[in-house]
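Peer 1:
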Amino acid sequence: LPLSRGGKNDRGSVPLCDATPVLTVLPPSSQEVSGKNEATLTCLANKGFPSNWKLQWTVDGSARTGDMSHGILDKDGKYSWSNTLSLSAGEWSKVVSVSCKATRDSQTPVIETLRRSDCSA
Numbered sequence: 001l002p003l004s005r006g007g008k009n010d011r012g013s014v015p016l017c018d019a020t021p022v023l024t025v026l027p028p029s030s031q032e033v034s035g036k037n038e039a040t041l042t043c044l045a046n047k048g049f050p051s052n053w054k055l056q057w058t059v060d061g062s063a064r065t066g067d068m069s070h071g072i073l074d075k076d077g078k079y080s081w082s083n084t085l086s087l088s089a090g091e092w093s094k095v096v097s098v099s100c101k102a103t104r105d106s107q108t109p110v111i112e113t114l115r116r117s118d119c120s121a
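With full-length UniProt numbering as the guide, the letters of the sequence shown map in order to residues 1 to 121.
(1) In the DSSP assignment, find the unbroken alpha helix (DSSP H) run with residue 19 in it and report its ends.
(2) Put residue 104 into one of helix, strand or coil per three-state DSSP.
(3) For residue 52 and residue 67, what's the separation of their Cα atoms in angstroms?
(4) Does DSSP classify residue 53 as helix, strand or coil?
(5) With residue 110 as the anchor, note down where its beta strand (DSSP E) starts and where it stops.
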């Protein structure tokens with residue numbers, strides 16, 4: 001199986017196949033919730049390829065729309081991007097769980113769930 005027409009495959013080259021991103025869901029800070037009466041959650045997706053994975057939010061089973069960033073190409077040839085979701089502090093106080101799902105075409109989705117009970121905020 002040839003790696004490229006030039007016969008080289010150094011670490012700076014583009015990955016040869018799809019890579020499933022690793023997801024991390026970050027909760028809002030307690031300072032933001034108490035001070036601004038807002039709760040911003042962030043879903044970080046790292047080491048995905050190609051860059052057209054979509055990140056979607058689910059709050060207690062209901063789909064929600066967040067603010068998606070553009071993919072950033074890392075030195076390893078894979079992409080990182082994020083999606084932020086803003087809730088009111090009152091809404092956040094009633095949330096049981098928040099999930100971030102990465103999807104791309106027919107690939108198996110990746111899901112990361114954050115339970116509010118695991119957070120101190």
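Ideal Cβ placement from N, Cα and C applies to all residues, glycine included. Keep in mind the model is a prediction, meaning the values are calculated, not measured.
Peer 2: Answer, in terms of the structure:
(1) Looking at the DSSP string, residue 19 is not in any alpha helix (DSSP H), and its letter there is neither H nor E.
(2) coil
(3) 15 angstroms
(4) coil
(5) 110–115
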